[in-house]
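> Can you read through this structure? Questions will come right after.
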Amino acid sequence: MGRYVIRRLLQMIPVFIGATLLIFLMVNVMGDPVAGLCGDRKCDPATATRLKKEFGLDKPVWQQYLTYMGNVFTGDFGTAFNGQKVTELMSAAFPVTIRLTIVAIVFEIVIGISLGVLTGLRRGRPVDTVVLLLTLVVISIPTFVTGLVLQLLLGVEWGVIKPSVSSEAPFNELLIPGLVLASVSLAYVTRLTRTSIAENRRSDYVRTAVAKGLPRRRVITRHLLRNSLIPVVTFIGTDVGALMGGAIVTERIFNIHGVGFQLYQGILRQSTQTVVGFVTVLVLVFLVANLIVDLLYAVLDPRIRYA
Numbered sequence: 001m002g003r004y005v006i007r008r009l010l011q012m013i014p015v016f017i018g019a020t021l022l023i024f025l026m027v028n029v030m031g032d033p034v035a036g037l038c039g040d041r042k043c044d045p046a047t048a049t050r051l052k053k054e055f056g057l058d059k060p061v062w063q064q065y066l067t068y069m070g071n072v073f074t075g076d077f078g079t080a081f082n083g084q085k086v087t088e089l090m091s092a093a094f095p096v097t098i099r100l101t102i103v104a105i106v107f108e109i110v111i112g113i114s115l116g117v118l119t120g121l122r123r124g125r126p127v128d129t130v131v132l133l134l135t136l137v138v139i140s141i142p143t144f145v146t147g148l149v150l151q152l153l154l155g156v157e158w159g160v161i162k163p164s165v166s167s168e169a170p171f172n173e174l175l176i177p178g179l180v181l182a183s184v185s186l187a188y189v190t191r192l193t194r195t196s197i198a199e200n201r202r203s204d205y206v207r208t209a210v211a212k213g214l215p216r217r218r219v220i221t222r223h224l225l226r227n228s229l230i231p232v233v234t235f236i237g238t239d240v241g242a243l244m245g246g247a248i249v250t251e252r253i254f255n256i257h258g259v260g261f262q263l264y265q266g267i268l269r270q271s272t273q274t275v276v277g278f279v280t281v282l283v284l285v286f287l288v289a290n291l292i293v294d295l296l297y298a299v300l301d302p303r304i305r306y307a
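Okay, structure coming up:
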């Protein structure tokens with residue numbers, strides 16, 4: 001196991017470098033950041049030259065990337081165009097988005113897996129049909145529609161929640177935004193769990209466990225569910241990074257100043273340091289989440305062993 005973890009960590013290095021290089025190149029060709037600094041009026045040549053030199057934009061792109069990566073390994077993600085350190089923006093934004101992601105993941109695990117097991121064990125029955133239709137409806141509705149409807153009904157019309165989340169963003173205020181963020185993924189987790197449960201239910205090891213006279217609860221939890229959760233864990237593990245990076249719509253609707261909000265502001269103002277810095281951390285989140293998922297395979301399925 002130890003050698004496998006070391007090998008995977010070494011494999012993450014070229015993936016990290018390649019992903020950050022691609023992001024850096026894409027962000028640097030999306031527009032002229034100096035023009036964004038000057039606002040609606042065009043910068044005079046002297047001011048544009050001074051700003052480019054100040055932020056290192058007068059150097060070739062490859063040299064900018066090498067300088068940026070050298071600073072990243074020392075914990076310096078640069079300075080945003082408003083003069084604020086990117087690390088300061090991260091320290092304020094990431095805790096909020098992490099709390100929002102935790103709420104969303106809990107909804108996915110508790111509701112999604114529970115409904116998936118329920119429908120997988122009752123495949124073809126009315127409850128299975130109803131849940132499948134509901135998940136299809138949830139998948140079909142865009143997240144911004146779900147968020148705006150819930151905000152209007154629960155926040156404005158009925159007064160159950162605050163229409164916008166406060167700056168502290170405690171867990172109790174993130175329940176509805178977390179549900180909105182997790183809605184589509186929750187539906188996928190439900191359908192994925194249902195399919196996996198229904199397929200593994202006909203497997204030989206399940207029939208053997210039933211023939212041995214094991215209690216139904218033990219057959220489901222110790223044998224059927226553990227093996228059925230492997231594709232679900234894969235989806236949830238990769239979804240962690242997707243939820244953190246894809247929370248722009250949800251955070252905009254509920255006025256949550258998290259990672260999505262900062263990315264939106266960075267793109268809007270063409271602040272390359274902000275965008276690249278935040279996305280670099282999200283790449284690390286993706287890589288670590290995938291590593292954890294691979295290690296969980298051995299926990300769920302005893303047949304899996306890493307040399």
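First residue of the sequence shown: 1, per UniProt numbering; consecutive thereafter. Don't be surprised by glycine CBs; every beta carbon is placed ideally from N, CA and C.
1. Reducing DSSP to helix, strand and coil, say where Thr280 ends up.
2. Hey, would you say the C-beta of Arg7 is under 7 Å away from at least one heavy atom of the ligand SAH?
3. Just curious, the alpha helix (DSSP H) that Glu88 is in, first and last residue?
4. What are the start and end residues of the alpha helix (DSSP H) that includes Phe16?
5. How is Thr272 classed by DSSP in three states: helix, strand or coil?
6. Identify whether Thr74 lies in helix, strand or coil by the three-state DSSP scheme.
7. Which residue comes first and which comes last in the alpha helix (DSSP H) that contains Ser167?
8. Provide the residue span of the alpha helix (DSSP H) that contains Ala48, from first to last.
9. Rounded to whole angstroms, what's the CA-CA distance from Leu230 to Arg222? Just pull it up for me.
10. Over what stretch of residues does the alpha helix (DSSP H) that includes Ser183 continue unbroken?
11. Using the Cα positions of Leu134 and Val206, report the straight-line distance between them to the nearest angstrom.
12. With a cut-off of 8 Å, do at least 3 Cβ pairs link the segment 201-221 to the segment 140-151?
From the atom records:
1. Correct three-state label for Thr280: helix.
2. In the structure on display, the ligand SAH does not appear, and there are no ligands present to speak of.
3. 86-107
4. 2-28
5. helix
6. coil
7. Premise fails: Ser167 is in no alpha helix (DSSP H) and is neither H nor E.
8. For Ala48, the enclosing alpha helix (DSSP H) covers residues 45-54.
9. Sequence inspection shows Ile at residue 230; the Leu mentioned does not correspond to that position. When rounded, the distance between both Cα atoms is 13 Å.
10. 175-200
11. Their Cα atoms are separated by approximately 29 Å.
12. no
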